[in-house]
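To keep things clear, I will list the structure first and then write my remarks on it.
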Amino acid sequence: MKIRHLAFLLPALFATQLSFAQQSSGSIAASRAEDRPVINLSADSYREVQQDRVILTLSREARGTESQAIADEVNKAINAVMESGKANDTLKLKTGSYNFWPQQDYDEKGKKTGKTTYVARGEVIVTSTDMVEATRFVEEVSEQMNLSNINFDLTTEVRRQIENEIRGESIQSFQEKARAISREFGFDNYDIKYVQLRDSTSNMSPVPRMAMARADSLAEAKFSGPELEAGKERVTISLTGEIALY
Numbered sequence: 105m106k107i108r109h110l111a112f113l114l115p116a117l118f119a120t121q122l123s124f125a126q127q128s129s130g131s132i133a134a135s136r137a138e139d140r141p142v143i144n145l146s147a148d149s150y151r152e153v154q155q156d157r158v159i160l161t162l163s164r165e166a167r168g169t170e171s172q173a174i175a176d177e178v179n180k181a182i183n184a185v186m187e188s189g190k191a192n193d194t195l196k197l198k199t200g201s202y203n204f205w206p207q208q209d210y211d212e213k214g215k216k217t218g219k220t221t222y223v224a225r226g227e228v229i230v231t232s233t234d235m236v237e238a239t240r241f242v243e244e245v246s247e248q249m250n251l252s253n254i255n256f257d258l259t260t261e262v263r264r265q266i267e268n269e270i271r272g273e274s275i276q277s278f279q280e281k282a283r284a285i286s287r288e289f290g291f292d293n294y295d296i297k298y299v300q301l302r303d304s305t306s307n308m309s310p311v312p313r314m315a316m317a318r319a320d321s322l323a324e325a326k327f328s329g330p331e332l333e334a335g336k337e338r339v340t341i342s343l344t345g346e347i348a349l350y
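In case it helps, my numbering puts the sequence shown at residues 105 to 350.
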């Protein structure tokens with residue numbers, strides 16, 4: 105009976121010891137993983153790109169004592185400009201800000217005169233990748249609205265194309281840094297604990313501006329409107345992350 109009882113106990117004891125050994129091995133492995141040196145890394149790649157889109161703000165402001173007449177003047181100018189640009193496929197037009205407010209009149213001594221001047225101001229935003237055609241349009245509608253602001257940027261298509269081109273460069277740079285740091289610290293390999301990808305764009309031009317020198321195409325066309333010159337933007341892809349050395 106004792107021998108039979110012992111035979112039953114041996115498998116259970118062996119299983120308990122095996123389970124304990126597995127737990128101990130797992131704890132040691134986890135401990136070793138936690139003890140690995142962790143390094144923060146960053147890498148980036150960038151490309152300076154010529155801006156390919158212009159954003160023009162056209163505005164009309166009117167002042168007077170008749171509120172309805174002032175509003176009508178600005179509204180007619182906006183409608184005329186919007187109508188002029190409808191047939192041009194190279195331009196995208198939308199209405200911008202619109203403001204209407206009263207102003208109290210004051211005399212030379214700073215006292216209210218009792219009169220009120222009404223002010224209305226409206227905008228139309230013109231976007232185009234064709235600088236020459238944008239210049240044509242500004243000149244065409246100059247009697248209705250004045251050019252009040254110029255900005256340049258990158259179209260979404262160009263930005264995505266550049267990001268796709270330099271993303272691989274950023275990843276390769278991150279991997280090369282990780283391998284180099286591993287060797288410098290005396291390790292053979294590394295694991296990536298986490299990695300984050302970021303994209304950013306910065307304007308390389310001091311300010312959006314009218315060109316000082318004529319482009320050939322504009323000179324030949326003999327326009328009296330503004331000559332547009334885009335600047336450059338820096339498109340950057342950055343990688344930040346942590347690696348564990350082993």
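All C-beta atoms, glycine included, are put in the ideal place defined by N, C-alpha and C.
* To do: Decide if I254 is buried, meaning its Cβ has at least 16 other Cβ atoms within 10 Å, or exposed.
  => Residue 254 sits at position 150 when you count from the first residue of the sequence shown. Classification of I254: buried, given that the 10 Å Cβ count is 16 or more.
* **Residue from R287, I285, S232 and K336 with nearest C-alpha to I159** => Against the sequence shown, residue 159 aligns to sequence position 55. Ranking the options by Cα distance to I159, first place goes to S232.
* Asked: How big is the Cα-Cα spacing for S163 and R225?
  -> Here residue 163 refers to the residue found at position 59 when the sequence shown is read from its first residue. Here residue 225 refers to the residue found at position 121 when the sequence shown is read from its first residue. Straight-line Cα distance between these residues: approximately 7 Å.
* **Rounded distance between the beta-carbons of I174 and T199, thought under 8 Å** => Taking the sequence shown and counting its residues from 1, the one referred to as residue 199 is at position 95. Taking the sequence shown and counting its residues from 1, the one referred to as residue 174 is at position 70. Not confirmed; about 17 Å, so no contact.
* Asked: Just to confirm, are Q154 and A348 a CB contact at a threshold of 8 Å?
  -> Position 50 of the sequence shown, counted from the start, is the residue given in the question as residue 154. Position 244 of the sequence shown, counted from the start, is the residue given in the question as residue 348. Not in contact: Q154 and A348 (Cβ atoms no closer than 8 Å).
* **Simplified DSSP state of D257, which is helix, strand or coil** => The residue given as residue 257 occupies position 153 in the sequence shown. Strand at D257.
* Starting from the Cα of N250, find the closest Cα among E165, I285, L343 and K219 and give me that residue. => Locating residue 250 in the sequence shown gives position 146, counting from the first residue. Ranking the options by Cα distance to N250, first place goes to E165.
* To do: Please report the residue range of the alpha helix (DSSP H) in which G189 lies.
  => As a position in the sequence shown, residue 189 is number 85, starting the count at 1. Where G189 is concerned, the enclosing alpha helix (DSSP H) stretches over S171 to G189.
* **V230: first and last residue of the uninterrupted beta strand (DSSP E) it sits in** => By one-based count along the sequence shown, residue 230 stands at place 126. K216 to S232 is the span of the beta strand (DSSP E), which, as asked, contains V230.
* Cutoff 7 Å; reference S201; Cβ partners in own chain excluding five residues on either side -> Taking the sequence shown and counting its residues from 1, one reaches residue 201 at position 97. Correct list, in chain order: E227.
* Pairwise C-alpha distance: R263 and R302 -> Locating residue 302 in the sequence shown gives position 198, where the first residue counts as 1. Locating residue 263 in the sequence shown gives position 159, where the first residue counts as 1. Taking the straight line joining both Cα atoms gives about 14 Å.
* Buried or exposed (CB count within 10 angstroms, at least 16 for buried), S304 -> Translated into positions along the sequence shown, residue 304 becomes position 200. Result: exposed.
* Asked: Taking C-beta to C-beta, are R283 and E152 nearer than 8 Å?
  -> Indexing the sequence shown from 1 puts residue 283 at position 179. Indexing the sequence shown from 1 puts residue 152 at position 48. Contact flag unset, no.
* To do: Have a look at the DSSP bridge pairing and note the partners of P206.
  => Counting from 1 along the sequence shown, the entry for residue 206 is found at position 102. Bridge partners of P206: Y222.
* **Where the alpha helix (DSSP H) containing A147 begins and where it ends** => On the sequence shown, residue 147 is found 43 positions in, with the first residue counted as 1. Note, A147: premise wrong, no alpha helix (DSSP H); beta strand (DSSP E) at V142 to Q154.
* Contact between the segment 183-197 and the segment 275-282: three or more CB pairs below 8 Å? -> no
* Range of the contiguous alpha helix (DSSP H) that encloses E244 -> Numbered from 1 along the sequence shown, position 140 holds the residue referred to as residue 244. Taken as a continuous stretch (DSSP letters only), the alpha helix (DSSP H) holding E244 covers M235 to E244.
* **Reference Q207; option with closest CA among K336, D257 and T169** => Along the sequence shown, read from residue 1 onward, the residue named residue 207 stands at position 103. Out of K336, D257 and T169, T169 has the C-alpha closest to the C-alpha of Q207.
* What is the DSSP secondary structure of Q276, counted as helix, strand or coil? -> By one-based count along the sequence shown, residue 276 stands at place 172. Residue state, collapsed to three classes: helix.
* To do: Taking only the alpha-carbon atoms, compute the straight-line gap between S188 and F256 and give it to the nearest angstrom.
  => Along the sequence shown, read from residue 1 onward, the residue named residue 188 stands at position 84. Along the sequence shown, read from residue 1 onward, the residue named residue 256 stands at position 152. Their backbone Cα atoms lie some 22 Å apart in a straight line.
* Asked: Among residues of its own chain, excluding the 5 on either side of M186, which ones have a beta-carbon nearer than 8 Å to its beta-carbon?
  -> By one-based count along the sequence shown, residue 186 stands at place 82. Excluding residues within five positions, the ones whose Cβ falls inside 8 Å are L197, T199 and V228.
* To do: Whole angstroms is fine: what's the gap from R271's alpha carbon to S246's?
  => Translated into the one-based positions of the sequence shown, residue 271 becomes position 167. Translated into the one-based positions of the sequence shown, residue 246 becomes position 142. Using only the alpha carbons, I get a separation of about 44 Å.
* If we count the other Cβ atoms within 10 Å of its Cβ and call it buried at 16 or more, is I266 buried or exposed? -> Locating residue 266 in the sequence shown gives position 162, counting from the first residue. So I266 counts as buried.
* Asked: Does DSSP put N293 in a helix, a strand or coil?
  -> The sequence position of residue 293 within the sequence shown is 189, counting from 1. Three-state result, N293: coil.
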